[in-house]
Amino acid sequence: MEKNNLPAIPAKRYFTIGEVSELCGVKAHVLRYWEQEFTQLKPVKRRGNRRYYQHHEVLLIRRIRELLYEQGFTISGARNRLDSVRSGRGAQDEPQGPTPEHALLNELRGELEALLTSLSGAAGQSVPVPQRD
1 MEKNNLPAIP AKRYFTIGEV SELCGVKAHV LRYWEQEFTQ LKPVKRRGNR
51 RYYQHHEVLL IRRIRELLYE QGFTISGARN RLDSVRSGRG AQDEPQGPTP
101 EHALLNELRG ELEALLTSLS GAAGQSVPVP QRD
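Residue numbers for the sequence shown follow full-length UniProt numbering, so the first one is 1 and each next one is one higher.
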């Protein structure tokens, strides 16, 4: 279930674990596990240890879900990303433009394309050069 396909969050104060599970597209046992892994996630516990999540926690769970399931972060990576955003370092963590690795890969690709062209000319055959995506 993609982020865009998640249902709207109703305007109410508390949500049960079952409701949060449906709102976020994550099973209840996963939510309980995330409580152990993400210190920011602390639902209120009442009557017999029943969990009640507030609106901001539902939003946090959706963000965790996005980081893990859609962006491919590990638990540790998602935890670090949430901590960096909370401490105000999140904007600087985003790469600004091409990285040195991308520049090196582009240069290497150009050299390989030139080599492929010269080899196909020497062999008298036309070899198609793959186009960049």
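Each residue gets a CB set at the ideal place from its N, CA and C atoms; glycine is no exception. Bear in mind that the values here come from a model prediction, so they are computed numbers and not experimental data.
Throw me the rounded Cβ distance for the residue i and residue j pair, which I believe falls under 8 Å.
{"i": "F73", "j": "R81", "result": "6 Å"}
{"i": "L6", "j": "S21", "result": "Incorrect: roughly 12 Å between the Cβ atoms, too far for contact."}
{"i": "G25", "j": "R65", "result": "7 Å"}
To which residues does DSSP link residue i through a beta bridge?
{"i": "R65", "result": "DSSP output for R65 lists no bridge partner at all."}
{"i": "T74", "result": "DSSP output for T74 lists no bridge partner at all."}
{"i": "Y53", "result": "F15"}
{"i": "K45", "result": "R51"}
Given residue i, which residues of its chain have a CB within under 6 Å of its CB, disregarding the five upstream and five downstream residues?
{"i": "Y14", "result": "Y52"}
Rounded to whole angstroms, what's the CA-CA distance from residue i to residue j? Just pull it up for me.
{"i": "V58", "j": "L105", "result": "41 Å"}
For residue i, which residues of its own chain have a beta-carbon under 7 Å away from its beta-carbon, when the five flanking residues on both sides are left out?
{"i": "H29", "result": "none"}
{"i": "P95", "result": "Bear in mind that the predicted position of P95 carries a pLDDT of just 49, short of 50, making it too unreliable to give a figure here."}
Who are the near neighbours of residue i in its chain, counting only those whose CB is closer than 8 Å to its CB and skipping five residues on each side?
{"i": "P43", "result": "I17, E35, R51, Y52, Y53, Q54, E57"}
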